[in-house]
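Numbering (the UniProt record's numbering), first residue to last: 1 to 182.
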């Protein structure tokens, strides 16, 4: 599951540009590596991105045009791409975000999957399988591998729970507040 390599490229014009909307594209290999049931290779170009929110190990990090140069380690979680009123969400299993001084950000993820393509039943099964492996692990390597599986599947489960909660809240809230939970 963690063998799929992916690369997100967030293209930003120079910091001197006053445009608040930027281009965002994703570029991944055409083949899926490993036995992941829900990961799917994709390539997408999204013009006019306003903001990207990444799951950094220090907390959620919003990347806007003109963001200060930084490097952040990414933990398993949701990457949100905001373009106008539309928000696209992807699950990342980890990686790094490199935000450059010229307003270009590279987001490199071990694995990235559109959130709506993840099967909750497979997540629950995977979590149970890795918890069982963790409980029966006899070596440090087995324990570490099982713990990674538990961590990723727990983050997947939390991401799906959050997505369901936000969907329910959108239906309850006034339509004028639609972007409130994004």
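Every residue gets a Cβ at the ideal spot worked out from N, C-alpha and C, and that includes glycine.
query: Residue-chain proximity (residue 103, chain C), Cβ-Cβ < 8 Å; result: The structure shown has no chain C; it contains just one protein chain.
query: Cβ separation of residue 115 and residue 163, assumed to be a contact under 8 Å, to the nearest whole Å; result: 6 Å
query: Residue environment, residue 93, which counts as buried when at least 16 other CB atoms sit within 10 Å; result: buried
query: Euclidean distance between Cα positions of residue 122 and residue 75; result: 20 Å
query: Other residues of its chain near residue 62: CB distance less than 6 Å, five sequence neighbours each side excluded; result: 51 and 53
query: Residue 104 beta carbon less than 8 Å from that of residue 81; result: no
query: Supposed close pair residue 133, residue 144 - CB separation, criterion 8 Å; result: Actually they do not touch by this definition, with Cβ atoms about 11 Å apart.
query: Residue 112 beta carbon less than 8 Å from that of residue 79; result: yes
query: Residue 128, buried or exposed, once every other Cβ within 10 Å from all chains shown has been counted against 16; result: exposed
query: Distance CB(residue 149)-CB(residue 130) smaller than 8 Å; result: yes
query: Span of the beta strand (DSSP E) around residue 82; result: 77 to 83
query: Residue interval of the alpha helix (DSSP H) (run including residue 120); result: 120 to 136
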